[in-house]
Amino acid sequence: MDTKDVVIVGGGVVGSVLAAGLLAKTPFNVTLIDAHDPADASPAPGFDNRVIALSRRTVNELAALGIDLAPASPEPIKHIQVTDKGAAGLCELTAEDYRVPAFGQVVSLSALGELLPSFLDNPRFTHVAPDTVSTLTQHQDKVSLALTSGGEVSADLCILADGGRSGLSEQAGFTREQSPYGQSAIICNVQTSEPHSGNAFERFTEQGPLAFLPYQADFGDQTVKGHGFSVVWTVASEQLDELMTLSDSRFIDALQQAFGYRQGRIMEVGPRDAYPLILNTTRELITHRCVVVGNSAQTLHPIAGQGFNLGLRDVTGLINSVMEAEDPGLYRVLDRYRHCREGDRRATVKLTDTLVRTFSNRYFPLQAGRNLGLLTLDLLPALSQEFVRLTTGYGRQTERGSVVNG
Ligand SMILES: Cc1cc2nc3c(=O)[nH]c(=O)nc-3n(C[C@H](O)[C@H](O)[C@H](O)COP(=O)(O)OP(=O)(O)OC[C@H]3O[C@@H](n4cnc5c(N)ncnc54)[C@H](O)[C@@H]3O)c2cc1C
């Protein structure tokens, strides 16, 4: 029997990990098409300056795919503190209390990106880059893709991991719901006078949620190991220009005022980048011989750090669904994927969206309500257990389609 062909459009973190996983766990030929030129020294858009928190489950699932994070120097999250600026609500969670060594690990996308090429070194792998897909056509027994360079690729299954902005999913019959939040995320790395000691913070400020994740960036001669944080600050889009154009010292002042002094003084700040925030989801997960995964299926607000964690569950769910299949593009195979992913995806999108809409509102009763919510979380072990299950990736809704079999 012929070896079946799978094509992945988009070589960001989700497409690349999926390619590595399919090569490791299935007999299929895998072609990965990406717009970025590998010879270009500037960072690929999918592996830019972002630093992301990986849940325990994500770390375990990457290990099950053979991807060991150790060379990317991940920083463990041992303690989480959630606070609301100017109010009493405070929730503190410590990994030890839950008998886990850490809630998750913090890693830079660029370090993760450097690990992946070695997992793609396989005779069944073809990398087409830089190139983009101009037209996608679904036939009964295959999908063909016309490339901008003039070439053509056809496969039994086409997986869209293109981040959802290329218009390709619409060509494949997916429909989208898009809801801009009117907010942007500013990311940067900082160093504080007090050591991070594995602490992560989520603080709800009048500008929007502010997250500090333990992560050591390189500040040259000023680097003090163990004192670094990666910052994600959500602000209203109309405040963005002002904050992005402040001098470093004025920006440190604004950040210090929003975050407070629980880590002492902010001593250093690195370059800032900004991301407009939008909820962008497809209504369908599969169409004829096509699948969407990662940000292409759902682009979330970063408030709960769920984007890649959820995207990786798409990856493992898809690998589990196709690994035994003679033809990975058959409807019954893809329907298995749809079935195992729908509940988790719906719950995670809803949780994230509810958090944004609750914590971005300055209306007093809502503020009082969310403070009570945070207090309750700290006081009621059953509730905080549920919160931990969500942050570690082992929530009630996420148990289906777990670590890749075999
Ligand atoms: C500020 C911020 C903080 C975040 N923090 C966290 C966190 O703490 N934890 C977490 O889990 N997630 C987090 N996320 C989300 C996470 O970064 C994303 O979910 C993840 O990087 C998405 O990867 P992806 O591969 O699906 O999409 P993308 O990174 O968008 O990759 C898409 C790829 O497709 C390529 N492409 C696009 N169109 C075409 C085409 N037509 N042809 C060929 N190639 C194409 C692009 O070049 C790109 O390489 C955060 C996001 C932001 C913005």
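If you read the sequence shown in the working numbering, its first letter stands for residue 3, the second for the next number, and so on.
Note that CB positions come from ideal geometry on N, CA and C, so glycine has one too.
Exposure label - residue i; buried when at least 16 CB within 10 Å
i           : result
residue 14  : buried
residue 63  : buried
residue 184 : exposed
residue 139 : exposed
residue 213 : buried
residue 225 : exposed
residue 356 : exposed
residue 75  : exposed
residue 205 : buried
residue 263 : exposed
residue 101 : exposed
residue 307 : buried
residue 68  : exposed
residue 230 : buried
residue 284 : buried
Cβ pair residue i, residue j closer than 8 Å
i           : j           : result
residue 163 : residue 9   : no
residue 304 : residue 234 : yes
residue 95  : residue 50  : no
residue 252 : residue 188 : no
residue 330 : residue 127 : no
residue 202 : residue 82  : yes
residue 104 : residue 73  : no
residue 216 : residue 198 : yes
residue 108 : residue 232 : yes
residue 317 : residue 295 : yes
residue 313 : residue 16  : yes
residue 186 : residue 237 : yes
residue 293 : residue 336 : yes
residue 291 : residue 80  : no
Residues of its chain near residue i, where Cβ-Cβ distance is below 6 Å and the 5 sequence neighbours each way are ignored
i           : result
residue 309 : 302
residue 18  : 118
residue 148 : 136, 137, 154
residue 181 : 281
residue 297 : 165, 166
residue 115 : 49
Sequence-distant residues of its chain with Cβ nearer than 7 Å to residue i (five each side left out)
i           : result
residue 150 : 133, 134, 136
residue 270 : 192, 193, 221, 224
residue 358 : 183, 303, 305
Other residues of its chain near residue i: CB distance less than 8 Å, five sequence neighbours each side excluded
i           : result
residue 258 : 267, 268
residue 25  : 32, 121, 122, 124, 126, 127
residue 5   : 29, 30, 31, 126
Problem set entry | Sequence ranges, alpha helix (DSSP H) only - wholly within the segment 220-248, length at least 4 | If we require 4 residues or more, the alpha helix (DSSP H) runs fully inside the segment 220-248 come out as 239-247.
Problem set entry | Length-filtered (4 minimum) alpha helix (DSSP H) runs lying within the segment 257-328 | 309-324
Problem set entry | Contiguous alpha helix (DSSP H) assignments of at least 4 residues, all confined to the segment 151-217 | Taking only runs of at least 4 residues, the alpha helix (DSSP H) segments lying wholly in the segment 151-217 are 170-173.
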